[in-house]
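Novice: Order-wise, the sequence lines are chains L and U. For the first sequence, numbering that gives the first Met the number 0 begins at 0 and goes up steadily by one. For the second sequence, numbering that gives the first Met the number 0 begins at 0 and goes up steadily by one. We put the CB at the ideal spot given by N, CA and C, even for glycine. Have a look at this one.
2 protein chains.
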Amino acid sequence: MDKKRIYTAAIVIIGDEILSGRTQDKNISQIALWLNIQGIRLQEVRVVADDMDAIAQAVNTLRAAHDYLFTTGGIGPTHDDITVDAIAAALGVEVVIHPEASAVLHKYYESRGGINPGRLRMARVPDGAELIPNKMSGAPGIRIGNIYIMAGVPHITAGMLDALTGTLEGGDPLLSHQVGCWVAESEVAALLSDVEKAHEGCQIGSYPFFREGRVGANFVIRSVDPVKLNQCSEALKSGLEGLSYPAIDGGI
Amino acid sequence: MDKKRIYTAAIVIIGDEILSGRTQDKNISQIALWLNIQGIRLQEVRVVADDMDAIAQAVNTLRAAHDYLFTTGGIGPTHDDITVDAIAAALGVEVVIHPEASAVLHKYYESRGGINPGRLRMARVPDGAELIPNKMSGAPGIRIGNIYIMAGVPHITAGMLDALTGTLEGGDPLLSHQVGCWVAESEVAALLSDVEKAHEGCQIGSYPFFREGRVGANFVIRSVDPVKLNQCSEALKSGLEGLSYPAIDGGI
Chain L
0 MDKKRIYTAA IVIIGDEILS GRTQDKNISQ IALWLNIQGI RLQEVRVVAD
50 DMDAIAQAVN TLRAAHDYLF TTGGIGPTHD DITVDAIAAA LGVEVVIHPE
100 ASAVLHKYYE SRGGINPGRL RMARVPDGAE LIPNKMSGAP GIRIGNIYIM
150 AGVPHITAGM LDALTGTLEG GDPLLSHQVG CWVAESEVAA LLSDVEKAHE
200 GCQIGSYPFF REGRVGANFV IRSVDPVKLN QCSEALKSGL EGLSYPAIDG
250 GI
Chain U
0 MDKKRIYTAA IVIIGDEILS GRTQDKNISQ IALWLNIQGI RLQEVRVVAD
50 DMDAIAQAVN TLRAAHDYLF TTGGIGPTHD DITVDAIAAA LGVEVVIHPE
100 ASAVLHKYYE SRGGINPGRL RMARVPDGAE LIPNKMSGAP GIRIGNIYIM
150 AGVPHITAGM LDALTGTLEG GDPLLSHQVG CWVAESEVAA LLSDVEKAHE
200 GCQIGSYPFF REGRVGANFV IRSVDPVKLN QCSEALKSGL EGLSYPAIDG
250 GI
């Protein structure tokens with residue numbers, strides 16, 4: 000495993016429910032946090048409608064541009080679940096019934112009213128795909144090439160991520176450290192910029208908030224190098240103290 | 000105003016904090032819901048890193064493909080706030096200090112420690128831009144062409160959306176009605192598909208859940224035509240009742 004190489008991922012979120020505002024997405028952050036631990040950086044996300052062409056185009060662009068592509072949503076039993084068809088079309092392969100998925104679904108629904116055509120739809124995969132176990136609700140996720148096809152319901156996706164933990168090649172994990180301060184970020188903008196410039200390989204993000212009637216900010220220092228991360232964090236804390244703003248290690 | 004035309008919008012979310020998983024996005028759903036009321040459909044969202052090229056590329060693709068483009072994030076006072084620079088580069092225009100924004104910021108910070116170079120950064124706009132009022136925190140949003148440059152902090156974006164209400168041309172608003180049912184969506188997949196097919200101009204979305212130890216689903220019927228919406232909703236309710244699943248009007 001090449002530790003110097005940066006591994007990147009993208010997500011395609013498939014769902015009119017997100018674009019209509021009905022549902023607030025929770026998969027971006029949970030997949031992003033999981034990817035960090037695998038040493039993979041989430042670099043782009045696209046949310047597209049339940050539309051064959053829109054899905055296929057996003058999938059083909061992003062699977063080529065990144066090491067890994069995750070999709071969420073559209074793999075359920077109903078007519079609006081078209082993700083498998085769209086990805087098969089994008090790859091130019093047939094949709095087939097996966098025998099193991101079919102067996103899993105038959106068994107899962109044995110005590111839940113029996114299998115039916117809608118439920119059997121969830122055994123359909125692009126030809127050549129493997130399954131991702133789903134301990135939550137029977138219907139498996141799907142892997143084909145570098146594409147990981149996941150559920151839309153966040154706790155089901157969480158289970159699928161669990162099943163994938165440690166199976167994807169990554170690089171050095173991106174480490175982060177947070178420093179909080181009761182200060183308007185605009186008071187210390189020059190300091191943040193100076194400290195970042197003085198510490199190559201570190202990025203400082205500034206996240207302002209308004210809480211308990213006061214303005215404050217958390218500053219997140221990120222680096223793949225733990226020594227540099229520590230040096231940059233210490234320099235920022237000293238700088239804040241130097242401006243008479245007490246720094247709170249770990250954030251507010 | 001042409002009521003038959005469908006007006007579409009896209010969002011570019013600019014922020015390493017979203018891609019790192021640190022912050023869960025709330026702007027997609029609030030902008031989507033606001034757009035629905037304006038008669039505009041959110042059709043695509045991209046989340047990109049705090050990177051000039053990534054922002055410029057997403058902005059140029061989506062401003063050409065949609066009636067309106069919203070961006071969120073990256074317009075604060077710190078070094079990682081590069082949205083204005085990236086959009087100016089995308090449009091091939093200079094970055095200039097907007098005199099009105101400068102006046103607003105001078106006034107706002109008069110009682111808050113005074114203006115400084117970081118704070119004055121928030122008066123920078125792509126040449127030719129107009130301001131979007133921000134009653135929450137001084138620094139205005141920016142409109143240039145069909146691009147609306149908004150804050151990343153959700154309550155500030157909310158104030159900017161308020162200021163824009165009624166100013167964007169839209170078409171017929173997309174109406175929706177929800178029907179809930181204590182049923183596994185896979186039990187009624189065929190019904191959903193049949194009812195949708197029998198009602199042109201209506202779409203049915205299926206949103207399953209697991210609650211109080213039971214599976215259920217909400218079905219959302221969407222249409223721009225209130226009569227068709229009602230007919231489709233009634234047909235779905237009858238169909239569910241016919242399968243001995245009581246339908247709960249308005250959803251669960």
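Could you give the C-beta distance for Met252 (chain U) and Phe69 (chain U), rounded to a whole number, given that I count them as a contact under 8 Å?
Specialist: Because chain U spans 0 through 251 in this model, residue 252 (chain U) falls outside it and cannot be assessed.
Novice: Any beta-carbon of chain U closer than 7 Å to the one on His176 (chain L)?
Specialist: Position 177 of the first sequence, counting from 1, holds the residue named residue 176 (chain L). No, His176 (chain L) does not count as interfacial toward chain U.
Novice: Counting only runs of 4+ residues fully inside the segment 63-111 of chain L, write out the alpha helix (DSSP H) ranges in chain order.
Specialist: Those alpha helix (DSSP H) runs which fall completely within the segment 63-111 of chain L and span 4+ residues are 82-90, 98-109.
Novice: Is the beta carbon of Gly140 (chain L) within less than 6 Å of some heavy atom of the ligand SAM?
Specialist: Among the ligands in the structure shown, none appear at all, so the ligand SAM cannot be discussed.
Novice: Quick one: is Pro125 (chain U) buried, meaning 16 or more other Cβ sit within 10 Å of its Cβ, or exposed?
Specialist: Taking the first residue of the second sequence as 1, we reach residue 125 (chain U) at position 126. Burial call: buried.
Novice: Just to confirm, are Pro153 (chain U) and Asn26 (chain U) a CB contact at a threshold of 7 Å?
Specialist: Here residue 153 (chain U) refers to the residue found at position 154 when the second sequence is read from its first residue. Here residue 26 (chain U) refers to the residue found at position 27 when the second sequence is read from its first residue. Their beta carbons are under 7 Å apart, which means Pro153 (chain U) touches Asn26 (chain U) by this criterion.
Novice: Kindly identify the DSSP beta-bridge partner or partners of Asp248 (chain U).
Specialist: Position 249 of the second sequence holds residue 248 (chain U). Note: Asp248 (chain U) sits in a beta bridge opposite U:Val178.
Novice: Which residues in the same chain as Ile86 (chain L) place their Cβ atom closer than 6 Å to its Cβ, once the five residues preceding and following it in sequence are excluded?
Specialist: In the first sequence, the residue the question calls residue 86 (chain L) occupies position 87. These residues qualify, in order along the chain: Val58, Pro125.
Novice: Rounded to the nearest angstrom, how far is the Cβ of Val83 (chain L) from that of Val94 (chain L), given a contact under 8 Å?
Specialist: Sequence index remark: in the first sequence, residue 83 (chain L) carries index 84 (1-based). Sequence index remark: in the first sequence, residue 94 (chain L) carries index 95 (1-based). The Cβ separation is near 6 Å, so the contact holds.
Novice: How big is the Cα-Cα spacing for Gly215 (chain L) and Leu163 (chain U)?
Specialist: Here residue 215 (chain L) corresponds to residue number 216 of the first sequence, with the count starting at 1. Here residue 163 (chain U) corresponds to residue number 164 of the second sequence, with the count starting at 1. Distance between the alpha carbons of Gly215 (chain L) and Leu163 (chain U) is about 28 Å.
Novice: For Ser205 (chain L), which of helix, strand or coil comes out of DSSP?
Specialist: Looking up residue 205 (chain L) in the first sequence gives position 206. Three-state DSSP puts Ser205 (chain L) in a strand.
Novice: Hey, is the segment 13-24 of chain U in contact with the segment 230-242 of chain L, meaning 3+ C-beta pairs nearer than 8 Å?
Specialist: At 8 Å Cβ cutoff, the stretches do not touch.
Novice: Would you report the Cα separation of Asp224 (chain U) and Ser101 (chain U), rounded to the nearest angstrom?
Specialist: Translated into the one-based positions of the second sequence, residue 224 (chain U) becomes position 225. Translated into the one-based positions of the second sequence, residue 101 (chain U) becomes position 102. In a straight line, the C-alpha of Asp224 (chain U) is about 46 Å away from that of Ser101 (chain U).
Novice: Only counting runs of 3 or more residues, tell me where the beta strand (DSSP E) segments fall wholly within the segment 116-142 of chain L, in order along the chain.
Specialist: Qualifying beta strand (DSSP E) stretches, in chain order: 123-125, 129-131.
Novice: At a Cβ threshold of 7 Å, is Gly117 (chain U) touching chain L?
Specialist: For this step, residue 117 (chain U) is matched to residue 118 along the second sequence. Yes, contact with chain L.
Novice: Using a Cβ cut-off of 9 Å, pull out every chain L residue sitting near Thr156 (chain U), in sequence order please.
Specialist: Along the second sequence, read from residue 1 onward, the residue named residue 156 (chain U) stands at position 157. Result: empty, since nearest Cβ-Cβ is about 13 Å, beyond 9 Å.
Novice: Does the beta carbon of Val58 (chain U) come closer than 7 Å to any beta carbon on chain L?
Specialist: Locating residue 58 (chain U) in the second sequence gives position 59, where the first residue counts as 1. Not one chain L Cβ lies under 7 Å of Val58 (chain U).
Novice: Can you tell me whether Pro98 (chain U) is buried or exposed? The criterion is at least 16 other CB atoms within 10 Å of its CB, across all chains shown.
Specialist: As a position in the second sequence, residue 98 (chain U) is number 99, starting the count at 1. Burial call: exposed.
Novice: How should Pro116 (chain U) be labelled, buried or exposed, when 16 other C-beta atoms within 10 angstroms of its C-beta is the threshold for buried?
Specialist: Within the second sequence, the letter at position 117 stands for residue 116 (chain U). Label assigned to Pro116 (chain U): exposed.
Novice: With burial defined as no fewer than 16 other Cβ atoms inside 10 Å of the residue's Cβ, what is the status of Asp52 (chain U): buried or exposed?
Specialist: Sequence index remark: in the second sequence, residue 52 (chain U) carries index 53 (1-based). With fewer than 16 other Cβ atoms within 10 Å, it is exposed.
Novice: Please confirm whether Ser136 (chain L) and Ile114 (chain L) have their CB atoms less than 7 Å apart.
Specialist: Residue mapping note: residue 136 (chain L) aligns to position 137 of the first sequence, counting from 1. Residue mapping note: residue 114 (chain L) aligns to position 115 of the first sequence, counting from 1. Cβ atoms of Ser136 (chain L) and Ile114 (chain L): not closer than 7 Å.
Novice: Quick check on the burial criterion: 16 or more other C-beta atoms within 10 angstroms. Buried or exposed for Arg62 (chain U)?
Specialist: Translated into positions along the second sequence, residue 62 (chain U) becomes position 63. Label assigned to Arg62 (chain U): buried.
Novice: In terms of DSSP beta bridges, what is Leu41 (chain U) paired with?
Specialist: One-based indexing of the second sequence puts residue 41 (chain U) at position 42. U:Ala8, per the DSSP bridge assignment.
Novice: Keeping to the same chain, check which residues put their C-beta closer than 6 Å to that of Arg4 (chain L); ignore five residues upstream and five downstream.
Specialist: Taking the first residue of the first sequence as position 1, residue 4 (chain L) is located at position 5. Excluding residues within five positions, the ones whose Cβ falls inside 6 Å are Gly170.
Novice: Since Ile141 (chain L) and Ile131 (chain L) are thought to touch, with beta carbons under 8 Å apart, how far apart are those beta carbons, to the nearest angstrom?
Specialist: By 1-based counting over the first sequence, the position of residue 141 (chain L) is 142. By 1-based counting over the first sequence, the position of residue 131 (chain L) is 132. Indeed they touch by this definition, with Cβ atoms about 6 Å apart.
Novice: Return the Cβ separation of Val182 (chain U) and Gly250 (chain U) in integer angstroms, given the expectation that the two are a contact with Cβ distance under 8 Å.
Specialist: Here residue 182 (chain U) is taken as the residue at index 183 of the second sequence, counted from 1. Here residue 250 (chain U) is taken as the residue at index 251 of the second sequence, counted from 1. Not a contact, Cβ separation roughly 13 Å.
Novice: If distances are taken between C-alpha atoms only, which option among L:Gly158, L:Glu168, L:Val11, L:Val187 comes closest to Tyr206 (chain L)?
Specialist: What you label residue 206 (chain L) is simply residue 207 of the first sequence in a count that begins at 1. Closest by alpha carbon: L:Val187.
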